[in-house]
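Peer 1: Its first residue numbered 1, the sequence shown is counted upward by one per residue in UniProt numbering.
Just so it is clear, CB atoms sit at the ideal spot from N, CA and C, and this is done for glycine as well.
Note that this is a predicted model, so its numbers are computed, not measured.
If you scroll down you'll find the structure; I have some questions about it.
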Amino acid sequence: MVLIRSHAGQADAQAFLRALRRRYRGAGWLWLLSDRASAHTAPQTQALADRLRIRFVWLPRQAPELSPMDQLWRELKRLIAANRQAASIDALAADAAAWVLALTPQQACRKAGMASKHFWLRKLLQNFWRPT
Numbered sequence: 001m002v003l004i005r006s007h008a009g010q011a012d013a014q015a016f017l018r019a020l021r022r023r024y025r026g027a028g029w030l031w032l033l034s035d036r037a038s039a040h041t042a043p044q045t046q047a048l049a050d051r052l053r054i055r056f057v058w059l060p061r062q063a064p065e066l067s068p069m070d071q072l073w074r075e076l077k078r079l080i081a082a083n084r085q086a087a088s089i090d091a092l093a094a095d096a097a098a099w100v101l102a103l104t105p106q107q108a109c110r111k112a113g114m115a116s117k118h119f120w121l122r123k124l125l126q127n128f129w130r131p132t
């Protein structure tokens, strides 16, 4: 799921949680793998997550190699922003959004490192119980 916002603060994290719950309205508890950015750990964000039945699963500090989003972000920067001069920050943001939105789910998983046989959550994902 992609939520395009001009900021990345607490209100934006909360908007993402609301959008996530709308997208998965009929699901039970949602588990969200996340870093410990202040927008995610803020008491108001945590309270909203609890009301929306969303649990944060915290990644270790200073471990971007464990985060699929950080891997995807690194690939985006390499392909879209590195050694390039954009006409404006808005143009760069539009190019980045277009790149992300053009990815198929399979491409996103591959670029995020989730398709690797060495992906650290692979065993959990393969054996995760899903209700029928």
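For LEU101, does the count of other Cβ atoms within 10 angstroms reach 16, so buried, or fall short, so exposed?
Peer 2: When all chains shown are included, LEU101 counts as exposed.
Peer 1: Put TRP58 into one of helix, strand or coil per three-state DSSP.
Peer 2: Three-state DSSP puts TRP58 in a strand.
Peer 1: Out of GLN106, LEU92, ASP12 and SER88, which has the shortest C-alpha to C-alpha gap to LYS77?
Peer 2: Taking only the C-alpha atoms, the option nearest LYS77 is LEU92.
Peer 1: Where ILE89 and ASP95 are concerned, what is the direct C-alpha to C-alpha distance, given to the nearest angstrom?
Peer 2: If you take the alpha carbons of ILE89 and ASP95, they lie about 10 Å apart.
Peer 1: Kindly indicate which three-state DSSP category LEU38 falls into: helix, strand or coil?
Peer 2: Reading off the sequence, residue 38 comes out as Ser, not Leu. SER38 falls in the helix class under three-state DSSP.
Peer 1: Between the segment 26–42 and the segment 56–71, do at least 3 Cβ pairs fall closer than 8 Å?
Peer 2: Yes, the segment 26–42 touches the segment 56–71.
Peer 1: With DSSP as the reference, please indicate the residues paired to residue 212 in a beta bridge.
Peer 2: Only positions 1 to 132 of the chain appear in the structure, and residue 212 is not among them; the question remains open.
Peer 1: Go to MET69, then tell me how far its alpha helix (DSSP H) extends in each direction, as first and last residue.
Peer 2: Element bounds for MET69: 68–76.
Peer 1: How many angstroms separate the CA atom of GLN46 from the CA atom of ALA82?
Peer 2: In a straight line, the C-alpha of GLN46 is about 35 Å away from that of ALA82.
Peer 1: Does the Cβ-Cβ distance between LYS117 and GLU75 come in under 7 Å?
Peer 2: Not in contact: LYS117 and GLU75 (Cβ atoms no closer than 7 Å).
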